[in-house]
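Visitor: This is the structure, below, for whatever I ask next.
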Amino acid sequence: MTDVTTTPIPTLVSGFDKDLDGLGTAARATYDQQYHKSEFAHMGVPVPELRKLVKGLYKDLGGRRAGHDEVTGLAAALWDSDVYERRLAAVFVLAQGVRLLGAPDLQDVTLMLRDAPMWSLVDPLSGDVAGKVALRDREGSGRTLDLWADDGDFWLRRASLLALIPGIREGRPDLVRFTRYADPMVEEREFFIRKAIGWVLREIAYKDPTWVAAWVTARLDRMAGVTFREAVRRLPAETAERLTAEYKAAGAGRNSGKALVRAMA
197 MTDVTTTPIP TLVSGFDKDL DGLGTAARAT YDQQYHKSEF AHMGVPVPEL
247 RKLVKGLYKD LGGRRAGHDE VTGLAAALWD SDVYERRLAA VFVLAQGVRL
297 LGAPDLQDVT LMLRDAPMWS LVDPLSGDVA GKVALRDREG SGRTLDLWAD
347 DGDFWLRRAS LLALIPGIRE GRPDLVRFTR YADPMVEERE FFIRKAIGWV
397 LREIAYKDPT WVAAWVTARL DRMAGVTFRE AVRRLPAETA ERLTAEYKAA
447 GAGRNSGKAL VRAMA
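Numbering (my numbering), first residue to last: 197 to 461.
What follows is the structure, given as structure tokens:
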């Protein structure tokens with residue numbers, strides 16, 4: 197389609213970089229890099245400031261008049277960097293233009309996930325981008341999510357789970373797919389997988405606590421403490437108390453009843 201902006205993408209990115217410079221601090225950059233255990237360079241820019249900057253950048257791109265190629269082109273240009281804030285900005289651009297994306301675009305998201313080994317990039321790519329695309333094309337997107345769920349990279353497995361959350365929040369949960377993904381993962385030792393399963397269960401519990409209680413009950417002897425904690429967080433108090441007693445009796449958790457107490461703290 198015809199470009200709706202007279203400003204070339206390289207010029208937009210150059211202007212963005214100039215605006216970005218000076219918004220962060222060295223102290224915050226050091227903290228962020230250590231907190232995320234990040235391999236990228238950090239500028240220490242607060243996320244609200246970065247979001248505000250990206251909104252202006254997206255408006256300069258054409259806003260609602262921007263087309264698919266403009267959005268994906270800008271995101272690709274921003275992503276091509278070893279600066280964390282540039283990469284996060286690329287994710288925010290895709291999230292703003294997600295209405296223009298379709299199932300084929302998840303192939304590029306797959307590449308981004310493989311090149312984004314940290315939750316603060318993986319999670320919005322999963323929920324705000326892939327999950328929103330899946331809402332419009334569950335069948336087409338589902339094939340990619342299925343591949344993620346069976347991938348050797350735990351970040352892609354995490355993405356397959358978190359991509360289900362938008363559908364849950366919209367009242368269209370894919371409970372069959374969730375079980376198919378989560379059941380083989382429930383005994384994984386990777387924290388980010390354990391946590392993700394619990395988060396999805398927590399989201400389902402807002403509208404269907406009975407289903408969550410039954411799902412958890414069937415897996416009490418296999419479920420890690422962090423998963424259990426998140427899963428029962430939004431259940432009715434009586435149900436959560438019952439499941440907690442059953443969980444402890446089943447000997448679940450990492451080591452002992454003390455591990456359970458720490459998990460429930």
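Even for Gly, the Cβ is constructed at its ideal location relative to N, Cα and C.
Note that this is a predicted model, so its numbers are computed, not measured.
Given this structure, state the Cα-to-Cα distance separating P432 from V279, to the nearest angstrom.
Guide: 44 Å
Visitor: What does the alpha-carbon distance come out to for the pair W275 and K255?
Guide: 19 Å
Visitor: Give the C-beta separation of R290 and A312 to the nearest angstrom, bearing in mind that I take them to be a contact with Cβ-Cβ under 8 Å.
Guide: One detail in the question is off: residue 290 reads as Leu in this sequence, not Arg. The pair is not a contact, with the Cβ atoms about 12 Å apart (cut-off 8 Å).
Visitor: Do S316 and L284 have their CB atoms nearer than 9 Å?
Guide: yes
Visitor: Taking Cβ to Cβ, would you say L439 is nearer than 9 Å to T406?
Guide: no
Visitor: Check this for me: beta carbons of R282 and L208, under 9 Å apart or not?
Guide: no
Visitor: Helix, strand or coil, according to DSSP, for A237 in the structure here?
Guide: strand
Visitor: Rounded to a whole number of angstroms, what is the C-alpha to C-alpha distance between G338 and L357?
Guide: Cα to Cα, the separation comes out at about 11 Å.
Visitor: Thinking C-alpha only, which one of A378, R373, E266 is nearest A420?
Guide: Of A378, R373, E266, the residue nearest in Cα terms is A378.
Visitor: Cβ atoms of M314 and H232: under 9 Å apart, would you say?
Guide: yes
Visitor: How is the alpha helix (DSSP H) around S316 delimited, first residue to last?
Guide: 315-320
Visitor: Which ranges would you report for the alpha helix (DSSP H) in the region 399-448 if only whole runs of at least 4 residues count?
Guide: 405-413, 421-428, 433-445
Visitor: Would you mind sorting V457 into buried or exposed? The rule is 16 or more other CB atoms within 10 Å of its CB.
Guide: Its pLDDT being 43, under 50, V457 is placed unreliably by the model, and the measurement read from it follows with that caveat. Only exposed fits V457, as fewer than 16 other CB atoms lie within 10 angstroms of its CB.
Visitor: Could you name the residues of the same chain whose beta carbon sits closer than 7 Å to that of V408, not counting the 5 residues immediately before and after it, in chain order?
Guide: Its chain contains L397, I400, A401, A427, L431 as the residues whose beta carbon lies nearer than 7 Å to that of V408, once the 5 sequence neighbours on both sides are disregarded; these appear in chain order.
Visitor: Residues in its own chain within less than 7 Å of D388 by CB, not counting five upstream and five downstream?
Guide: Going by the sequence as given, residue 388 is Phe instead of Asp. Contacts found: W315, F350, R354.
Visitor: Using C-beta distances below 8 Å, list every residue in its chain close to G447, excluding the 5 sequence neighbours before and after it, in chain order.
Guide: D417
Visitor: Taking one C-beta from the region 222-242 and one from the region 257-270 each time, how about it: are there three or more such pairs within less than 8 Å?
Guide: no
Visitor: What does the Cβ neighbour count give for D346, buried or exposed, with the cut at 16 atoms within 10 Å?
Guide: Exposed, because fewer than 16 other Cβ atoms sit within 10 Å of the Cβ of D346.
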